[in-house]
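Chains as they are written, first to last, in the working numbering: chain A, 10 to 490; chain B, 10 to 490.
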């Protein structure tokens, strides 16, 4: 950790974000422009994200598989919207084993095409449906403006791909999975989201409906944190993916796809962090509690270290991810700053006097100063106390972030109001019946896009804030990462 | 599952292997030549391989990270042996975002170069050492002759990369990790191995010493199932990776790398499988026990299904990966064949008469016929009985495979003997002091290569079976996949 710490958020939010990533050793820049190395501490957070999602996917009947990185160039051209959406972002392999290839290979930007190629071979009859797959993989999109975790040339994600016998089943699956994401985001990440439908312009290239969850970062900008798409029969028709139904008739399958990426880690950093660094929700924190032994005189060291090690062991045995800071070069103050930068939810301080009473001090990362300190906590009660404090921190972080989100969404009744809200950095919610052209104009003039048409709607109808036309739904407009 | 089943191993071992992969739905061919889709059942085995290894890596102090897929072309040219070894196998990205790139990008065949680029930035002093990293990733090698799992254009693996302050530490790490692989292979995979040093010719491109574990497939051919390399300072010198030692002197770091891939799944298939299909070791089996309900009359169905479901639940609650075959179209005989093809270690049969006695029948996959059947097993004792039977199967499979391995390694005292042993398909072990040229000649004339110079050596010295020169070590020669 450097001496300076991080740029204050209020001074320069973008610099604060990059400083935290560097100082907490989450990630580093790769030698190829736009690529990133995920360092061990950043990867351990990703592993916890993976565990939280993978468990939910399996509980909802999905199985993992692995599809190839390389896709024949011709595949991407089969679905019209898909090729338009992805062509500008492709990386192409043109030389293999020293020879020019007859057909270039795409390094997958997403796998719908190769998945459909296989679905066409695997799915013969209604008995093969539904087919509920997921893969954990890397994908490549040739982005020009990159930022660690938020937008990188290569990123890690999971992509779900499912095939169904009916449009209703596919729609239900797309909705089920956006709900799985919401549950994960709010309960594991403590990241509250607004869930809804994407506008036609913001839809995934090749989808019938796209659903997303939108999170509000600390600077109030929106981040699309996970998406779920009802693909209808678009890819099935492009790839001839058909099955024999119960009446022995050939039908096209209906499909979904859904993805969440390392971008979510960017959301966790930006939703919770402060000027001292990361604040990690306990369920995603690689280290949930760190024990910092404190002594002054040499003869105090041995008993304090023994007590600290006992605490570490007791907590680890209770399944709490616990670290003991063994360093004997740094001061306690330096260590406090260091572990605060790393966002560890609970710091446990133990010194000679604490040990005389078989007690210790707990300090919450999410509540600064004395208010977040619990003194005289009996060591013998530690696992229970730490577990319940972790739960309290987890739910407290969600509550705090939700209050921030809700207090920064404002209703707008005119284009003027929208402009004002959005230029102040907040989110605008208004009745909306505009055209694609209207939406584009708003984007060009204000920088704000339709983040989603939320599932949760006020009782209506109303009139469109822009056109005055009758509107059945409200939409949320915001500037986004 | 098709009606024909699989080609008998004795008739055509290669076809048997491919048939098992198809019929057990482990993998399928990708649209790009040499690529593979890992299907859910095959991927679930890989997930268990990952868990077994990842736990061991973390227990030995390693942390996961993630390095980029794309490596600048210039990087591969920095280490002389490395570029010679990998140049013929590279896939190159030459177009990104619609534009020709100034410098082509390599799709990583392995990550030593990019890891060293980062080590050079991260490692400043002896306090930063050792640095013990691992990554789970896909890699690409432009192979011309591919075979599912064994050799594919893209494959999944883990690659460990470590940096140390001294040559001794790096050597100890390389040895520790080949031992971790051996422990995993034998105890989780039930795949016995011969562990040893690679000959100079068979060494990893850029290594000082390479260690490997060699397994014997069902056709007696050798398979290199995992490797660990002491890289010395070769990459450190090429990339200028230096640190300040305790005396404030700049030193090059010493490194290791080690990898195990989806190839290991090929070993599991070939070491254990028989003419009925897969036989999976319980620790890697996605399904450890399958419950097959058996009824004839309609009125028997409901109580039998209820009993079968109770068995499933009791076993699942005890942490045993259990499946209940709910299909009511297929005969019990068809189901037996199906689950045998899938290699499920224990089949549990339950019918009306069994239920009257609250008992069931256990059938071992690894012991065919009546000998592998336990009848009248009380349902109330099931979790314990199934757990202990799984342990028995796990160790029994290792014992059987080890007996096969050991009975097919023969000592050779002359080149004639070696030729005879090797042409009979077995492994030859002999005192060896030949040159690189001698080794190449043997490879050309017999098709056998030095698999390794085993750590376990007979008391010597002896005389080289080829040259008659004094030899300090025996080497193992065999044809390999």
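Cβ coordinates follow ideal geometry from the N, Cα and C atoms, glycine included.
Under the three-state reduction of DSSP output, residue 411 (chain A) falls in the helix class. Our two residues, residue 68 (chain B) and residue 62 (chain A), have alpha carbons roughly 24 Å apart in a direct line. With respect to the 8 Å criterion, residue 357 (chain A) and residue 301 (chain A) are classified as neighbours on the basis of their beta carbons. Contact between the region 249 to 265 of chain B and the region 129 to 146 of chain B is present, with at least three C-beta pairs closer than 8 Å. Taking C-beta atoms as the reference points, residue 489 (chain A) and residue 105 (chain B) fail to come closer than 8 Å.
Residue 81 (chain B) is bridged by DSSP to B:114. In the DSSP assignment, residue 344 (chain B) falls within the unbroken alpha helix (DSSP H) covering 341 to 350.
Under DSSP, residue 358 (chain B) forms a beta bridge with B:301, B:370. DSSP lists B:38 as the beta-bridge partner residues of residue 45 (chain B). Note that the C-beta distance between residue 210 (chain B) and residue 169 (chain B) is not below 8 Å. Under a criterion of Cβ atoms nearer than 8 Å, the residues of chain B adjacent to residue 147 (chain A) are, in order, 78, 146, 147.
Taking a 10 Å sphere around the C-beta of residue 243 (chain B), we find 16 or more other C-beta atoms and assign the residue as buried. Rounded to whole angstroms, residue 267 (chain A) and residue 134 (chain B) show a C-alpha spacing of 45 Å. In this structure, residue 236 (chain B) sits near residue 213 (chain B), with a CB-CB distance shorter than 8 Å. Counting along the chain, residue 420 (chain B) sits inside the beta strand (DSSP E) bounded by residues 418 to 420. Listed along chain B, the residues sitting closer than 7 Å to residue 127 (chain A) by beta-carbon distance are 37, 46. For a Cβ distance threshold of 9 Å, nothing in chain B lies close to residue 25 (chain A): the least Cβ distance comes to about 22 Å.
With respect to the C-alpha of residue 461 (chain A), the residue from A:439, A:469, A:361 having the closest C-alpha is A:439.
Contact between residue 273 (chain A) and residue 125 (chain A) is ruled out by a C-beta separation of about 26 Å, above the 8 Å threshold.
Listed along the chain, the chain A residues whose CB falls inside 8 Å of the CB of residue 82 (chain B) amount to none; the nearest CB is some 10 Å away.
Only residues of its own chain outside the window of five on either side were considered, and among them 349 have a CB closer than 6 Å to the CB of residue 285 (chain A), listed in chain order. Exclusion of the five residues before and after residue 157 (chain B) leaves 30, 36, 45 as the residues of its chain whose Cβ lies within less than 6 Å of its Cβ.
Take the alpha-carbon of residue 206 (chain A) and the one of residue 173 (chain B): they are about 52 Å apart. Only exposed fits residue 400 (chain B), as fewer than 16 other CB atoms lie within 10 angstroms of its CB. In the three-state reduction of the DSSP assignment, residue 68 (chain B) falls in the helix class, which pools H, G and I. Short of 8 Å from the beta carbon of residue 406 (chain B), and not among the five residues preceding or following it, lie these beta carbons of its own chain, in chain order: 199, 281, 288, 290, 375.
Setting aside the 5 residues that flank it on each side, residue 452 (chain A) is surrounded in the same chain by 458, each with a C-beta closer than 6 Å to its C-beta; the list follows chain order. For residue 116 (chain A), the nearest CB of chain B lies under 8 Å from its own CB, placing it at the interface with that chain.
Put simply, the region 319 to 336 of chain B touches the region 377 to 393 of chain B. At least three CB pairs are less than 8 Å apart. Selection B:467, B:463, B:398 evaluated against residue 219 (chain B) yields B:463 as nearest (Cα-Cα).
In the assembly as shown, residue 342 (chain A) is an exposed residue. Its beta-carbon has fewer than 16 other beta-carbons within 10 Å.
Neighbourhood of residue 169 (chain A) in chain B, by CB distance below 9 Å: empty, with the nearest CB roughly 13 Å away.
Within chain B, no residue has its beta carbon less than 8 Å from that of residue 405 (chain A); the closest one is some 29 Å off. Here the alpha carbons of residue 204 (chain A) and residue 465 (chain A) stand approximately 8 Å from one another. For the pair residue 371 (chain A) and residue 333 (chain A), the CB atoms are not nearer than the 8 Å cut-off.
In the DSSP assignment, residue 129 (chain A) falls within the unbroken alpha helix (DSSP H) covering 121 to 131.
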